[in-house]
């Protein structure tokens, strides 16, 4: 008895027809979008658009801060370090105001609870550092003028 030989299966014409029609449809979609201008921005050259209520790095008007520490109390990650005292003229003097951006989750609760509204969220979001210690921002880095 002769060993059975397996029949080689040749792809059917219908299979090739389906494969060809899918390829043609894909190329048609590609050619439609080929002439359009790109929607994406090239990042380093064109800065990203940030909406009005964007939550970026905090801004602080240090002269208006009354050292109530409401922002430190409400912060879920406890990323604030605030130290201050009353001066001889009974005004509050801010000595230390640090935000640890290793822990901050930009929830905006600190801005909402600030009574004198001296703490706001800015548009800056590009913070690239080589060491985690450099992500602790002190009052000088956060200070803005009103």
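In the UniProt record's numbering, the protein residues as written are 1 to 146. By construction, the Cβ of each residue, glycine as well, lies at the ideal position given by its N, Cα and C atoms. Here the structure is a predicted model, which means the values were calculated and not measured.
{"Query": "For residue 110, the nearest candidate out of 55, 34, 50 and 131 (CA to CA)", "Result": "55"}
{"Query": "Cβ pair residue 65, residue 118 closer than 8 Å", "Result": "yes"}
{"Query": "Interface flag, residue 75 vs chain B, CB-CB below 8 Å", "Result": "Chain labels in this structure do not include chain B; a single protein chain is all it has."}
{"Query": "Contact the segment 83–94 vs the segment 23–43: 3+ CB pairs below 8 Å", "Result": "no"}
{"Query": "Residue 103 vs residue 79 beta-carbon contact at 8 Å", "Result": "yes"}
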